[in-house]
């Protein structure tokens, strides 16, 4: 089951239910933000929807919207509190993408010039019609043809 | 000026105004999603709010909410179209965090077991009262004391 209100084996559900303590900085009816205790940099915050959903693909749209509506002020606060030069907002979805806790969550990671983080972005390319084909495949997933399957 | 409806020098504003072509896969009144032509992996999509804002700290909360409300279905479509094992959703804010185009945007990056992406996460720690102090500083930024400055 990837999506349910509460998973008794989930560490984030335990934090949300206050069964495990956390350094919470922000809480609403549907989301909570607390410090990651193993931070990439100090001030690294996790923003977590309260209902248990494995990742972004399972998140109801209104809940994704609510969580993201908290990002501007939370990011401003993290930047001001840490004096960061910038910050990454990251949601890892699935083991292949580095997700460790299977309760979807946003990382807010303060960044500094010359910090120890090194995340190189390889850049591939599209050859021939690969770009058009990829566009077609994604559009078709977003707008499946009616009456066909 | 970090925030305005349209920046004539911004490449994303030009794409949004159709002055530069793009492989668009989704469009609403306030946001557009198109393929990154230099993808980390094929199927790498950029989700971009139409109004020009430098990054997440400048984004109006309702616009952040609208953009994120598109993520679940867009991520499902990218995953299905690419057969990805997982995906990262990333917003880089500021040069120190790897931001290149100063018009805030979400990356949706399909990931595969054993792909060429290598993003190690260093893990620091908090010593003594550092965690409590950081929590206090972020909370104070979120809830500034009245009548003090």
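Protein chains in written order, with our numbering: chain A, 1 to 149; chain B, 150 to 298.
Heads up, the beta-carbon is just placed ideally off N, CA and C, and yes, glycines get one too.
Selection from the options that minimises the alpha carbon distance to residue i
i	options	result
residue 288 of chain B	A/110, A/81 and A/124	A/81
residue 177 of chain B	B/275, B/232, B/216 and B/261	B/216
residue 72 of chain A	B/222, B/220 and B/206	B/206
residue 118 of chain A	B/283, B/246 and B/274	B/246
Inter-residue spacing [alpha-carbon to alpha-carbon] between residue i and residue j
i	j	result
residue 69 of chain A	residue 214 of chain B	5 Å
residue 103 of chain A	residue 54 of chain A	5 Å
residue 91 of chain A	residue 128 of chain A	31 Å
residue 210 of chain B	residue 50 of chain A	19 Å
residue 26 of chain A	residue 292 of chain B	10 Å
residue 5 of chain A	residue 155 of chain B	41 Å
residue 197 of chain B	residue 78 of chain A	23 Å
residue 121 of chain A	residue 190 of chain B	10 Å
residue 100 of chain A	residue 39 of chain A	14 Å
residue 157 of chain B	residue 106 of chain A	32 Å
residue 242 of chain B	residue 44 of chain A	14 Å
residue 132 of chain A	residue 24 of chain A	45 Å
residue 258 of chain B	residue 63 of chain A	21 Å
residue 115 of chain A	residue 145 of chain A	48 Å
residue 151 of chain B	residue 290 of chain B	Note that residue 151 of chain B scores a pLDDT of 44, beneath 50, so its modelled location is shaky; the value from the coordinates is reported in the next line. Cα to Cα, the separation comes out at about 21 Å.
residue 225 of chain B	residue 275 of chain B	37 Å
residue 22 of chain A	residue 272 of chain B	17 Å
Below-8 Å beta-carbon distance, residue i vs any chain A residue
i	result
residue 152 of chain B	Any reading at residue 152 of chain B must be qualified, since the residue scores a pLDDT of 48, below 50, and its modelled position is unreliable; the value itself is stated next. No - not a single Cβ of chain A is within 8 Å of the one on residue 152 of chain B.
residue 203 of chain B	no
residue 238 of chain B	yes
residue 228 of chain B	yes
residue 155 of chain B	no
residue 254 of chain B	no
Per-residue contacts from residue i into chain D (C-beta, under 7 Å)
i	result
residue 234 of chain B	Of the protein chains in this structure, namely A and B, none is chain D.
Any chain B beta carbon closer than 8 Å to residue i
i	result
residue 73 of chain A	yes
residue 101 of chain A	no
residue 151 of chain A	There is simply no residue 151 of chain A to check, as chain A begins at 1 and stops at 149 in what is shown.
residue 142 of chain A	yes
residue 59 of chain A	yes
- Query: What residues in the region 165–184 of chain B have a beta carbon less than 7 Å from any beta carbon of chain A?
  - Reply: 172, 174, 175 and 184
- Does the count of Cβ pairs from the region 4–20 of chain A and the region 179–193 of chain B closer than 8 Å reach three? no
- Name, going along the chain, the residues of the region 271–285 of chain B whose beta-carbon falls closer than 8 Å to a beta-carbon of chain A. Listed in sequence order: 271, 272, 273, 274, 275, 279, 280, 281, 283 and 284.
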